[in-house]
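Take a look at the structure set out below.
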Amino acid sequence: PEEFHAGVLRYSVGAGHGGLEDHGIAPEDECIKTHLAPLFKQEDVPKGKKLSELYKEAYAIIAKEVKENHPNAKALVSESWLFDTNLAKEIGMHIYPSGNENMFRGRTFWGQFINREGNINEERVKQFLETGKPPFRVRSGYIPIDEFMDKYGAKNNQ
């Protein structure tokens, strides 16, 4: 699917993730899938700004797009090691079991070992090598679209 930019996030629109049926979201339902582009590759990211603020700014952009172009979207979904931190709560992301939780591969996992400047986070690497356990696990997250629009954009009152 085509990928779009919204602040520090990239997103696409398509069928959702499995595992959300208990929350009223079927695998075939239209969802907004987001991921964080590596911050060190983005030139216009303010240095001292909290990650949660960068997400909130991006979500406001996505909310406008949802209202204008994706009225059938059921949820915003994502997967990242960042959702094993306080970030999930700060941005309103609900966590559910990820199929990749115990897999040590992919950018959603390895990103935790690179800092905002693009350098290796030696402390985290050392911890992982010594214990065999990563500092964070990959977590899946979702925000139902009504909740997302209430928090980040105007409700679609048509």
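Okay, so the sequence shown: first residue is 21 according to the working numbering, each after it adds one.
Glycine included, C-beta positions come from ideal geometry on N, C-alpha and C.
- Residue 149 has its alpha-carbon roughly 31 Å from the corresponding atom of residue 111.
- Of 43, 28, 22 and 30, the smallest CA-CA separation from residue 117 is found for 43.
- Residue 127 sits exposed, since fewer than 16 C-beta atoms from the chains shown fall within 10 Å of its C-beta.
- Sequence-distant partners of residue 140 (beyond 5 residues in either direction) whose C-beta falls short of 8 Å from its own C-beta, in its chain, are 133 and 134.
- Non-local C-beta neighbours of residue 48 in its own chain, meaning closer than 6 Å and more than five positions away in sequence, comprise 35, ordered along the chain.
- Counted as a single uninterrupted DSSP element, the beta strand (DSSP E) harbouring residue 53 occupies residues 50-56.
- Note on residue 130: under 16 other CB atoms within 10 angstroms of its CB, so exposed under the neighbour-count rule.
- Going by beta carbons, residue 94 and residue 51 fall inside the 8 Å limit.
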